[in-house]
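Student:
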Amino acid sequence: MGNKWFVVDCHSHYLPPEAVSLLKGTRMEDIALSGPMKHCLDVEGTLSVMEEAGIDMSVIGMSSMSSLGLDFCMAVNNGYARIAKEYPGKFVPLAHVPLATSPDVMKELDRSIKGLGLQGVVLETSSDKYTLGAPEMMPLFEKINSLGIPIVIHPAVLRMQPTSGSLPAAGMSGIESINGAAAVMAEDGKVATEILSRVIPRFPELKVIIPQHGGAMPLWLGRMMFTFLPEGFILPEEYKPLLLRTPRIRQELGLDEMFMDMFNKLYFDIAGFMGWLPITQATLLTVKPQRMVFGTDNGLEMFESQDIKGFVDDIKAMDIPEADRRAILGDTARELFGIQ
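In structure tokens form, the structure reads like this:
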């Protein structure tokens, strides 16, 4: 392989001015314009950080605000189409829609992908009405599946937490902040299990990126596996009294192989832990490196080039085959989003 590493940040945030203008006079205006979120407004600053940190392209989304409604999402989509043209080859823009299946939402998906040329869709983990695994959401996944685009999931942090101050956690004590961080990870883990159990079986060709190591969900696969039975599986009589199945019993029944066939359809970004390498190393125990993509949460969590560059360098230095390191840093993302 050549020396050049192509690095794609699959978890980056940008809020275009087209959308910011719709926040004027709302409770969200202060959140968007102050605190760490202000980095999400500065495209030139983002580009400078990318250059210094060795990031070639960033996949951008702002779905934590998609719950503000379709008009807001349309404004984000318009802004993303513009920025992709102004800075060719630097951004992979994602379409935004609220979690609904109305004709207007479906029309906006078509407009965003077929008309504006956006390269995927970003969805919140949940709304006030639905989680992504709800039956009511299946028409949305069917539409996305028909468009043949990747799905990027993001935790619904603004819905989950108080919104006073510059960010949801503003003004919280240390332990409250820890609780908030844990709540986000729980949201990620929950959506991972919902996608795995309710969406992938219906739409096995969907390409779904779960955020932040799936809330560390790959580390508790064994907990999920000891109750797993695929739909239509006929359990032999001698195993029926066993509600919980040990690795030995699962191997006898072939259940682990069936589970992993499903699980290996998911992708996981490695954002959410501020470049803390142990979680990435642990995730590799259960997730193939070709199913992991680099991410920083740039704009909200990591936004200084020295920290992001350190994270990139740590991945490059991992004691795994070079092809695997390249897959995590960018090669898998290039394939997912059709990056030339």
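Those letters in the sequence shown? Residues 234 to 573, per the numbering used here, in order.
By construction, the Cβ of each residue, glycine as well, lies at the ideal position given by its N, Cα and C atoms.
Since the model is a prediction, treat every value here as computed from it, not as a measurement.
1) Which ranges would you report for the alpha helix (DSSP H) in the segment 308–377 if only whole runs of at least 4 residues count?
2) Taking Cβ to Cβ, would you say S299 is nearer than 8 angstroms to E357?
3) Quick check on the burial criterion: 16 or more other C-beta atoms within 10 angstroms. Buried or exposed for E534?
4) In the DSSP assignment, what residue or residues form a beta bridge with N531?
5) If we ignore side chains and look at the alpha-carbon of each, how far apart do D343 and P372 end up?
6) Cα separation between E375 and F436?
7) Count the other C-beta atoms from every protein chain shown that fall within 10 angstroms of the C-beta of S335, then say buried if there are 16 or more, exposed otherwise.
8) Is I442 buried or exposed, if buried means 16 or more other CB atoms sit within 10 Å of its CB?
9) Evaluate contact between the segment 462–479 and the segment 548–565, counting only Cβ atoms and requiring at least three cross-stretch pairs below 8 angstroms.
10) Less than 8 angstroms between the C-beta atoms of N531 and V276, yes or no?
11) If Y247 and M295 are in contact, beta carbons under 8 angstroms, what's the gap, nearest whole angstrom?
12) What do you reckon, are the CB atoms on L517 and I553 nearer than 8 angstroms?
13) Can you pull the DSSP bridge partners for G294?
14) Classify I411 as buried or exposed, calling it buried when 16 or more other Cβ atoms lie within 10 Å of its own Cβ.
15) How should L476 be labelled, buried or exposed, when 16 other C-beta atoms within 10 angstroms of its C-beta is the threshold for buried?
16) Assuming A333 and P326 are in contact, meaning their beta carbons sit under 8 angstroms apart, how far apart are those beta carbons, in whole angstroms?
17) Checking 8 angstroms against the spacing of the C-beta atoms, do G505 and E427 come in under that value?
18) At what residue ranges does the segment 488–526 contain a whole run of the beta strand (DSSP E), taking only runs of 3 or more?
19) So, with DSSP's three-state summary, where would you put V441?
20) In three-state DSSP terms, what is I382?
21) If the criterion is Cβ atoms closer than 8 angstroms, does the pair P444 and D502 meet it?
22) For G591 versus D289, is the C-beta distance shorter than 8 angstroms?
23) Should K423 be labelled buried (16 or more other beta-carbon atoms within 10 Å of its own) or exposed?
24) Which residues in the same chain have their Cβ closer than 6 angstroms to the Cβ of F536, if we skip the five residues on either side of it in sequence?
25) If distances are taken between C-alpha atoms only, which option among L569, F496, L488 and V417 comes closest to P640?
26) So, for L280: in the same chain, excluding its five sequence neighbours on each side, which residues have a beta-carbon less than 8 angstroms away from its beta-carbon?
27) By the 10 Å Cβ neighbour count, where 16 or more other Cβ atoms means buried, how is Y472 classified, buried or exposed?
28) With a 10 Å radius around its C-beta and 16 neighbouring C-beta atoms as the bar for buried, classify N310 as buried or exposed.
Tutor: In terms of the structure at hand:
1) 336–343
2) yes
3) buried
4) S245 and M535
5) 14 angstroms
6) 7 angstroms
7) exposed
8) buried
9) no
10) no
11) 7 angstroms
12) yes
13) H246
14) exposed
15) exposed
16) The Cβ separation is near 21 angstroms, so there is no contact.
17) no
18) 499–502
19) strand
20) coil
21) yes
22) Lying before the first or after the last residue shown, residue 591 is absent from the chain, which here runs from 234 to 573.
23) buried
24) H272
25) This structure cannot speak to residue 640, because the chain is shown only from 234 to 573.
26) Y320 and K323
27) exposed
28) buried
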